[in-house]
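Notes to accompany the following structure.
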Amino acid sequence: MASRLWHVYLTLGIALTVVYYLLPSETADLVVWPIIGWSSVIAVVVGVAVNRPDQRLAWYLLAAGVAMQVIGDNLYSIRTFVQDSEVELASYIDLPYLAMYPLVISGIVLLIRRRTSGRDRSSVIDATIITASLGLLSWVLIIVPNVTNADLGALEKLISIAYPIGDIALLATAARLAVGGGRRTIAFWLLTASVIPMVGADALYGYLSFSGIYPEHSFIEAGWIAFYVGWGAAALHPSMRALSAATPNSARISTGRLVVLGGAVLVPPAMLFTEDALGEVSNATAISIVGTVLLVLVLIRIARVARDAADQKSEARFRALIDKASDAVVVIDGKGRIRYHTPSTERMLGRCTSDLEGVKFSELLGQADGLRVLAMLSSDAVSATLEWRVQHADGRWYDLEVIADDMRGKTDLDGIVFTMRDITERKRLDLELRRQTLQDSLTGLPNRTLFIDRVEQALKRAERRDGSVVVMVLDLDEFKIVNESLGHAAGNALLVAVAARLKAAARAGDTVARLGGDEFGFLLENGDVDGGSELAAIRIQSALHAPFLVRGKEVPVNACIGIAVGSPWSHTPDDVLRDAALAMSFAKGKGKNRFELFLPAMYEDATRRLEIAADLLGGIARGEFFLHYQPIVDVRNGHISGGEALVRWQHPRFGLLAPNDFVPVAEMTGLIGPLDRWVLNEACRQTSAWKSADVADDSFYVSVNLSAQHLQDSNVADDISKVLEASGLAPEMLVLEVTETALIKDLDSALASLAIVKQLGVKVAVDDFGTGYSSLTHLIKFPVHFIKVDKSFIDLVNSPDGEMMVRAVVDLAHGLGLKAIAEGVEHPEQARALEDLGCYLAQGFLFAKPLPPDEMAVLLASQHVGSEAPWGQPSGLMLQPG
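Sequential numbering of the sequence shown, starting at 7, is according to my numbering.
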């Protein structure tokens with residue numbers, strides 16, 4: 007239907023034209039003429055909406071220009087027939103008429119710019135020649151008579167010459183569009199051809215009006231009607247989309263173009279001859295100037311034609327060079343026979359000219375490629391880049407890259423052109439590169455890219471059989487220790503040995519891949535049946551059970567495995583691999599040599615941790631963190647010796663978070679440093695404030711946890727020094743708590759950091775003693791002042807075995823000159839047992855839960871009232887003043 011709109015509109019336009027001339031002048035101008043004009047504007051807008059050209063702005067500008075012309079016509083008719091007044095030469099009606107020119111010209115210029123491929127100076131010269139000759143006609147016939155008319159005022163003269171100047175500019179732009187590059191479609195001819203009758207009507211109207219003999223309701227209006235209907239039909243025609251498409255500029259000059267240019271050049275001498283025949287040569291100067299300009303332009307045009315001819319010769323030489331090129335060119339006719347071939351074709355195929363001329367090209371190709379050539383011959387248009395296999399005369403097959411171009415009926419070649427390049431070696435190298443790209447160079451196993459592709463294919467197969475696939479991600483335990491102790495070469499040798507065992511443990515059809523580092527992947531297409539995934543995980547762990555011999559040393563290897571089941575309806579390959587990796591991380595978090603099956607809660611937990619990590623720095627800046635303090639009490643008398651600073655986070659979405667909810671995330675993401683510094687600064691500031699308020703004396707100290715990452719930081723001593731200086735807190739009132747694991751993670755770095763801390767006067771406590779990996783030797787090396795006995799020991803202190811363990815730890819601390827602090831004391835019996843064992847410092851819910859700063863201040867102030875500790879009684883209450 008859209009392709010027929012222009013037919014319908016053109017028919018209606020012709021019908022309305024007939025009606026216009028049949029009706030009386032007043033009715034025709036007031037009723038039919040506005041319908042013709044506004045229908046053109048609507049047609050252009052509708053054409054843009056229906057055909058969707060690339061350059062819509064140009065068409066909208068054309069529509070706006072036509073609308074200005076229609077408004078001027080309507081105002082003219084109303085003034086003439088409704089108001090019964092004569093239209094003056096210079097009036098408000100001229101405004102929309104004159105506004106039409108810049109709008110229409112701008113729209114055509116935009117189309118020219120989109121249609122022009124590169125510089126097209128020849129078209130500019132041709133358009134200038136046409137414009138100059140027509141401008142001379144307008145000057146002599148319209149502009150000069152109006153300018154020299156003594157009956158006209160200055161404004162009237164200006165308006166009278168503005169119209170022909172606008173017509174000349176419009177005609178020049180249309181001529182540039184007509185002679186320039188781009189496809190010449192029906193819409194193109196409708197658009198450009200409609201300008202000529204419109205400009206002609208303007209010229210006749212101006213000339214006849216000046217002469218005082220302009221006939222109303224005459225054939226002249228047909229020129230404007232042709233303009234309106236022609237532009238509306240052009241916009242509705244589907245080929246209007248091609249008006250904004252660029253095509254290469256042709257160097258050839260058509261016969262019609264030569265005729266038009268020749269006629270334009272003859273205008274000055276013809277006018278001079280006419281004036282001389284009439285007996286009055288009044289425009290000799292203008293005619294001479296224009297004639298000279300046209301002569302110069304013609305000479306320039308001739309020079310360009312000569313240069314184009316030289317370019318064609320250069321092109322011929324270029325074709326001669328093609329014959330020497332390594333790429334082979336073959337032209338076949340409509341029957342598939344070789345009409346032309348370059349000498350390189352003979353070298354490429356190993357055949358002489360007699361073996362190629364007139365031979366069916368398809369017979370030289372493989373069966374599939376030969377059929378493809380036959381399909382091209384039966385197709386209307388061919389343009390493609392292909393890869394063929396061609397048999398050389400010596401029997402070997404070569405790979406060719408082929409570009410096919412259909413030149414049938416377009417050039418003198420009149421056939422299909424095949425440009426062929428030998429890519430046999432390139433394909434061999436591509437295959438080798440692909441193999442290296444998809445294979446791990448160390449172990450020979452598939453790499454992550456190939457593994458993901460295998461998972462994708464497995465999911466597609468599972469969809470057909472209504473099944474699932476299992477992906478396992480395996481990560482070696484403590485592989486870093488092997489690298490650091492034996493070297494990277496030994497680590498690589500271990501990875502190769504592990505890969506061999508994993509491959510041996512896999513079943514037929516399973517895929518084993520190295521995903522990177524010490525991480526491996528398993529794909530089990532039927533692993534979700536009858537507990538197959540768990541059995542496979544056990545089989546893999548069993549395969550790794552025996553120690554590996556690396557550089558003469560036996561190296562035990564364990565692994566944590568994450569298992570994920572993927573459904574083709576709900577998982578992508580990346581989803582399954584992500585789930586398996588997440589399950590592996592959970593397995594590692596629970597210990598060594600474990601496997602875990604992915605559960606949705608794991609993803610939710612990981613997402614929560616990710617959000618916590620993203621919000622952590624902002625939370626510090628927004629003041630969402632705060633500290634609570636848990637008293638450290640002397641169990642003999644209830645005196646508060648110190649307090650441990652414990653951080654809390656009032657998260658805007660998750661509510662109140664304990665340290666276990668965000669400290670591991672901060673350590674994992676490397677954000678623990680800023681958090682540590684904030685806690686240290688706030689704890690020291692608060693303790694200094696308590697001392698200034700006289701609620702804490704010099705014997706009180708605040709205990710702050712220091713992460714392993716912060717301890718290894720070379721700036722840790724500077725951080726502590728700055729905090730002490732800023733808060734004014736005495737160094738002996740600060741105790742840093744570090745875990746055993748943090749101390750031995752990097753012994754040298756930890757020793758260096760703690761040595762500087764000791765010089766500052768700050769004390770150190772080993773937290774969670776008995777649960778880490780420290781030895782007595784390590785403990786002696788470090789400048790430690792306190793040992794904090796873990797709650798797991800305190801829970802057993804009232805049993806014989808537990809009492810013996812706690813006694814051993816307390817005696818060890820006393821033997822090294824250290825103080826022991828019991829953690830997690832909750833019952834009076836535990837407090838009494840600790841006092842009997844000589845462990846006098848303790849903290850726990852028996853005494854007080856972690857308290858906000860103001861409540862801790864009240865508790866500190868109240869202990870100035872002395873009384874005996876309550877845990878001597880069976881009831882065992884919370885900490886009392888004392």
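We put the beta carbon where it would ideally sit given N, CA and C, even for glycine. Remember, predicted model here, so these are calculated numbers, not experimental data.
- Integer-rounded CB distance, given that T425 should sit under 8 Å from D333: As a first step, residue 333 is located in the sequence shown; it is residue number 327 there, counting from the start. As a first step, residue 425 is located in the sequence shown; it is residue number 419 there, counting from the start. About 6 Å separates the two Cβ atoms, so the contact holds.
Among G493, L742, R813, P637, which residue has its Cα nearest to the Cα of E841?
Mapped onto the sequence shown, residue 841 falls at position 835. In this structure, R813 is the residue among G493, L742, R813, P637 with its C-alpha nearest to the C-alpha of E841.
**OP:** At 4 residues or longer, and completely inside the region 340 to 373: list those alpha helix (DSSP H) runs for me, N to C.
**Re:** Runs found: 349 to 355, 359 to 362.
Under the three-state reduction of DSSP, which class applies to F592: helix, strand or coil?
Your numbering for residue 592 matches position 586 in the sequence shown. In the structure shown, F592 adopts helical secondary structure according to DSSP, grouped into three states.
- Query: Based on the DSSP secondary-structure assignment, which residues constitute the bridge partners of M478?
  - Reply: Residue 478 sits at position 472 when you count from the first residue of the sequence shown. Paired residues: F528, I569.
### Query
Along the chain, where does the beta strand (DSSP E) that runs through N711 open and close?
One-based indexing of the sequence shown puts residue 711 at position 705. Looking at the DSSP string, the run of the beta strand (DSSP E) that includes N711 is 707 to 711.
- Task: State the DSSP-derived secondary structure class of E222, mapped to helix, strand or coil.
- Result: Position 216 of the sequence shown, counted from the start, is the residue given in the question as residue 222. The answer is coil: DSSP assigns E222 none of H, G, I, E or B.
query: Cα-Cα, which of Q75, S91, S591 is closest to L109?
result: Numbered from 1 along the sequence shown, position 103 holds the residue referred to as residue 109. Ranked by Cα distance from L109, the first of Q75, S91, S591 is Q75.
- Item | Backbone secondary structure at A714 - three-state DSSP | Sequence index remark: in the sequence shown, residue 714 carries index 708 (1-based). Residue state, collapsed to three classes: helix.
State the DSSP-derived secondary structure class of T578, mapped to helix, strand or coil. Start at 1 with the first residue of the sequence shown, and residue 578 comes out as number 572. DSSP places T578 in coil when its eight states are reduced to three.
| task | Decide if L439 is buried, meaning its Cβ has at least 16 other Cβ atoms within 10 Å, or exposed. | result | Numbered from 1 along the sequence shown, position 433 holds the residue referred to as residue 439. Flag for L439 reads exposed.
Item checked: Residue range of the unbroken alpha helix (DSSP H) whose run includes S491 -> Counting from 1 along the sequence shown, the entry for residue 491 is found at position 485. Counting along the chain, the alpha helix (DSSP H) containing S491 begins and ends at 485 to 492.
Notebook entry, point to check: Ends of the alpha helix (DSSP H) at L444?
Noted result: Reading the sequence shown from its first residue, position 438 is the one you call residue 444. Per DSSP, L444 is one residue of the alpha helix (DSSP H) stretching across 430 to 444.
Does K559 pass the burial test, meaning 16 or more other C-beta atoms within 10 Å, or should it be called exposed? Walking along the sequence shown from the start, residue 559 turns up at place 553. With fewer than 16 other CB atoms across the displayed protein chains lying within 10 angstroms of its CB, K559 is exposed.
Quick check on this structure: which residue in M204, T198, R182 has the alpha carbon closest to the alpha carbon of Y169? As a first step, residue 169 must be located in the sequence shown, where it is residue number 163. Minimum Cα distance to Y169 is reached at M204.
| said: Just to confirm my understanding: we take P858, look at its own chain, exclude 5 residues before and 5 after, and list those with CB closer than 7 Å. What are they? | reply: Here residue 858 refers to the residue found at position 852 of the sequence shown. Counting only Cβ-Cβ distances below 7 Å, and skipping sequence neighbours, we find H634.
Assumed close pair S713, D667 - CB separation to whole angstroms, cut-off 8 Å:
Here residue 713 refers to the residue found at position 707 when the sequence shown is read from its first residue. Here residue 667 refers to the residue found at position 661 when the sequence shown is read from its first residue. Cβ atoms of S713 and D667 stay farther apart than 8 Å, at about 15 Å.
Requested in this report: Have a look at the DSSP bridge pairing and note the partners of M811.
Outcome: Locating residue 811 in the sequence shown gives position 805, counting from the first residue. Residue pairing by DSSP leaves M811 without any beta bridge partner.
Next item on the list: Express the C-alpha separation of Q849 and Q886 in angstroms, rounding to a whole number.
Entry: The residue labelled residue 886 in the question sits at position 880 within the sequence shown. The residue labelled residue 849 in the question sits at position 843 within the sequence shown. Interpretation of Q886 is limited by its pLDDT of 39, a score under 50 that renders its predicted location unreliable; the figure taken from the coordinates is listed afterwards. Straight-line Cα distance between these residues: approximately 14 Å.
| said: Is Q89 close to the ligand MN? I mean its beta-carbon at under 7 Å from any heavy atom of the ligand. | reply: Among the components of this structure there are no ligands whatsoever, and the ligand MN is therefore not found.
Please list the terminal residues of the continuous beta strand (DSSP E) segment that includes D404. Taking the sequence shown and counting its residues from 1, one reaches residue 404 at position 398. Per the sequence shown, the amino acid found at residue 404 is Tyr instead of Asp. It spans 403 to 412 - the beta strand (DSSP E) in which Y404 sits, taken as one unbroken run.
For F792 versus L824, is the C-beta distance shorter than 8 Å?
Here residue 792 corresponds to residue number 786 of the sequence shown, with the count starting at 1. Here residue 824 corresponds to residue number 818 of the sequence shown, with the count starting at 1. For F792 and L824, yes; Cβs fall inside 8 Å.
Need the endpoints of the beta strand (DSSP E) that A651 sits in, please. Locating residue 651 in the sequence shown gives position 645, counting from the first residue. It spans 646 to 657 - the beta strand (DSSP E) in which A651 sits, taken as one unbroken run.
Quick one, which of V639, G473, D773 has its alpha-carbon nearest L865's?
Looking up residue 865 in the sequence shown gives position 859. Selected option, being the one with the closest Cα: V639.
**Study point:** For E617, the first and last residue of its enclosing beta strand (DSSP E)
**Key:** To locate residue 617, count along the sequence shown from 1; it is residue 611. Where E617 is concerned, there is no enclosing beta strand (DSSP E), although the alpha helix (DSSP H) it sits in stretches over 606 to 627.
Quick check on D817: does DSSP put it in helix, strand or coil? If you number the sequence shown from 1, residue 817 lands on position 811. It is helical.
Let me know if R182 comes out buried or exposed under the rule of 16 or more other beta-carbons within 10 Å of its beta-carbon. Within the sequence shown, the letter at position 176 stands for residue 182. Residue environment for R182: buried (at least 16 other C-beta atoms within 10 angstroms of its C-beta).
- Quick one: residues in its chain with C-beta nearer than 6 Å to the C-beta of G19, no 5 flanking neighbours on either side, listed in chain order? One-based indexing of the sequence shown puts residue 19 at position 13. Scanning its chain for C-beta atoms nearer than 6 Å, with the 5 sequence neighbours on each side dropped, one finds around G19 the residues V235, in chain order.
I'd like the list of long-range same chain contacts for A207, defined as Cβ closer than 6 Å, with 5 residues on each side in sequence excluded. Position 201 of the sequence shown, counting from 1, holds the residue named residue 207. Taken in chain order, the residues that qualify are I226, G229, W230.
ask   = Which residue's Cα is closest to the Cα of A905: Q397, A510, L652?
value = With the chain running from 7 to 888 in the structure shown, residue 905 is simply not present.
> If we count Cβ pairs, one from each stretch, closer than 8 Å, do we get three or more for the region 510 to 528 versus the region 448 to 457?
Replying inline: Touching, per the Cβ criterion.
Taking the alpha-carbon positions, what's the L603 to A828 distance? For the purposes of this step, residue 603 is taken as the residue at position 597 of the sequence shown. For the purposes of this step, residue 828 is taken as the residue at position 822 of the sequence shown. Rounded to whole angstroms, L603 to A828 spans 38 Å at the Cα level.
| If L465 and P606 are in contact, beta carbons under 8 Å, what's the gap, nearest whole angstrom? | By 1-based counting over the sequence shown, the position of residue 465 is 459. By 1-based counting over the sequence shown, the position of residue 606 is 600. L465 to P606, Cβ: 19 Å. No contact.
W403: buried (16+ other C-beta within 10 angstroms of its C-beta) or exposed? Counting from 1 along the sequence shown, the entry for residue 403 is found at position 397. W403 comes out exposed.
Q. What residue range is occupied by the uninterrupted alpha helix (DSSP H) comprising V890?
A. Any answer about residue 890 is impossible in this case: the structure gives the chain only from 7 up to 888.
Checklist entry - What is the DSSP secondary structure of V763, reduced to helix, strand or coil? => result Along the sequence shown, read from residue 1 onward, the residue named residue 763 stands at position 757. Note: V763 maps to helix in three-state DSSP.
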